[in-house]
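*Asks:*
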Ligand code: SF4
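Numbering (my numbering), first residue to last: 12 to 403.
1) Could you tell me the alpha carbon to alpha carbon distance between residue 230 and residue 323, rounded to whole angstroms?
2) Figure out for me which residue from 200, 153, 125 and 159 has the closest Cα to the Cα of residue 193.
3) Do residue 47 and ligand 2 come close, with the Cβ less than 8 Å from some heavy atom?
4) Out of curiosity, what's the CA-to-CA distance linking residue 391 and residue 275?
5) DSSP state of residue 149, grouped into three classes?
6) Beta carbon of residue 312: closer than 8 Å to some heavy atom of ligand 1?
7) What's the gap between the Cα of residue 91 and the Cα of residue 159?
8) DSSP has residue 196 in a bridge; who is on the other side?
9) Would you mind working out which of 386, 357, 377 and 380 sits nearest residue 370, comparing C-alpha positions?
10) In angstroms with no decimal places, state the Cα-to-Cα distance between residue 107 and residue 313.
11) Determine whether the beta carbon atoms of residue 34 and residue 42 lie at a separation below 9 Å.
12) Alpha carbons only, please: which of 130, 69, 343 and 161 is nearest the one belonging to residue 124?
13) State the start and end residues of the unbroken beta strand (DSSP E) segment that holds residue 207.
14) From this set, 66, 200 and 114, which residue's C-alpha is nearest residue 389's C-alpha?
15) Within this structure, are the beta carbons of residue 233 and residue 243 separated by less than 9 Å?
16) Hey, how far is the Cα of residue 336 from the Cα of residue 363?
17) Can you have a look at residue 216 and say buried or exposed, based on whether 16 or more other CB atoms are within 10 angstroms of its CB?
18) Under 8 Å Cβ to Cβ from residue 220, same chain only, skipping five residues before and after it: list those, please.
19) Using the C-alpha atoms, what's the distance from residue 74 back to residue 100?
Here's what the structure looks like:
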């Protein structure tokens with residue numbers, strides 16, 4: 012176990028309900044760059060996704076393991092439908108990283124899932140940092156990211172907001188802090204970037220950017236500004252700038268017609284625009300469909316239709332009873348019992364037995380393939396092709 016310091020009031024007890032953060036640090040980049048997005052997004056419901064649910068499960072297990080590693084009391088081990096080898100390994104990697112960082116410090120204070128307040132800059136502002144360590148002249152923030160899209164540590168607005176909050180809450184007790192380090196822990200893609208900033212530069216950013224733009228965001232003031240932060244904006248489908256720019260991207264297309272078929276280089280030139288336009292278009296279509304289904308909104312020229320219905324029995328006991336009445340033999344309405352899935356069987360027999368006796372019987376379904384920009388962090392898949400690949 013890593014030796015840690017513990018000081019009254021700098022323990023691991025949080026003081027604010029994390030569910031009601033007014034200015035969520037995770038959206039800070041968007042709301043500071045595009046200030047109207049804060050009020051615009053508040054008009055749309057919060058929707059969860061498979062990735063968000065998985066991230067929440069990973070954070071819960073990571074916190075549980077980190078609490079054990081640093082000697083904090085724990086409640087019951089969290090369980091989720093995402094439990095398995097991957098979740099186990101990735102959360103272990105997070106905890107090992109925390110232990111490595113702590114080992115570099117002199118008797119550090121380690122705080123896990125700690126609420127920090129930055130309301131001196133934005134009224135009501137607070138957020139929850141995954142891990143904060145303080146030792147001598149250093150404040151270190153570590154953030155677990157469970158997604159596969161690379162997150163940069165450098166100049167990361169979310170991490171800077173956590174750091175500002177940590178300084179607001181703890182600087183009085185640790186006036187020697189001079190430098191802030193932030194580390195992104197993204198075990199799924201092996202990204203463990205660290206970046207650092209002098210606290211005077213961080214305060215300058217807080218006064219020049221966080222306070223003025225954060226307050227403009229709360230007031231719904233300022234100009235729309237498109238950028239990478241639009242990706243998870245809830246208002247994207249209805250954003251006038253996003254719509255205007257998508258349409259302008261299409262109208263800028265100036266393909267010189269050389270023949271009936273486009274050349275590979277013409278197709279390659281279109282891919283970034285096609286990807287941007289399709290992401291915007293699918294957001295718009297999803298929103299319009301959801302409005303039509305949930306609120307009965309009628310969109311001129313469009314209607315809802317039903318797809319193919321799949322059949323299933325509402326009450327299987329009634330099916331068995333009916334089969335009996337008809338004199339059908341026992342078991343007539345049952346299919347063969349199914350073999351458990353590899354992950355369920357692995358849980359049942361244990362990893363070692365599974366590896367020794369069943370692993371060789373596992374086959375993998377063909378994964379779906381995606382065409383993504385070349386700087387995507389995933390390994391490239393090279394298909395088997397009959398002819399030499401064409402490059403564009
Ligand atoms: S989509 Fe982009 S430009 Fe539009 S409101 Fe959201 S963040 Fe701002």
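Where is the CB? At the ideal position from N, CA and C, for every residue including glycine.
Since this is a predicted model, take the numbers as computed values, not measurements.
*Replies:* Based on what the coordinates show:
1) Sequence index remark: in the chain shown, residue 230 carries index 219 (1-based). Sequence index remark: in the chain shown, residue 323 carries index 312 (1-based). Whole-angstrom Cα-Cα distance: 51 Å.
2) Along the chain shown, read from residue 1 onward, the residue named residue 193 stands at position 182. Considering only alpha carbons, the answer is 153.
3) Among the ligands in the structure shown, ligand 2 does not appear; only ligand 1 can be found there.
4) Here the question's residue 391 lines up with position 380 in the chain shown. Here the question's residue 275 lines up with position 264 in the chain shown. Taking the straight line from one Cα to the other gives about 20 Å.
5) The residue you call residue 149 lines up with position 138 of the chain shown. Strand, per DSSP.
6) Locating residue 312 in the chain shown gives position 301, where the first residue counts as 1. Every heavy atom of ligand 1 is 8 Å or more from the Cβ of residue 312, so no.
7) As a working mapping, residue 91 is identified with position 80 in the chain shown. As a working mapping, residue 159 is identified with position 148 in the chain shown. Rounded to whole angstroms, residue 91 to residue 159 spans 20 Å at the Cα level.
8) For this step, residue 196 is matched to residue 185 along the chain shown. 155.
9) Counting from 1 along the chain shown, the entry for residue 370 is found at position 359. If we check each option's Cα against that of residue 370, 357 comes out closest.
10) Working through the chain shown from its first residue, we reach residue 107 at position 96. Working through the chain shown from its first residue, we reach residue 313 at position 302. Distance between the alpha carbons of residue 107 and residue 313: 54 Å.
11) The residue labelled residue 34 in the question sits at position 23 within the chain shown. The residue labelled residue 42 in the question sits at position 31 within the chain shown. The answer is yes: Cβ separation under 9 Å.
12) In the chain shown, the residue the question calls residue 124 occupies position 113. Checked all of 130, 69, 343 and 161; the closest Cα to residue 124 is 69.
13) To locate residue 207, count along the chain shown from 1; it is residue 196. From DSSP, the beta strand (DSSP E) with residue 207 extends over 205-209.
14) Position 378 of the chain shown, counted from the start, is the residue given in the question as residue 389. Of 66, 200 and 114, the residue nearest in Cα terms is 200.
15) To locate residue 233, count along the chain shown from 1; it is residue 222. To locate residue 243, count along the chain shown from 1; it is residue 232. No.
16) Taking the chain shown and counting its residues from 1, the one referred to as residue 336 is at position 325. Taking the chain shown and counting its residues from 1, the one referred to as residue 363 is at position 352. About 48 Å.
17) By 1-based counting over the chain shown, the position of residue 216 is 205. Classification of residue 216: buried, given that the 10 Å Cβ count is 16 or more.
18) The residue labelled residue 220 in the question sits at position 209 within the chain shown. Around residue 220: 43.
19) In the chain shown, residue 100 corresponds to position 89, counting from 1. In the chain shown, residue 74 corresponds to position 63, counting from 1. Taking the straight line joining both Cα atoms gives about 14 Å.
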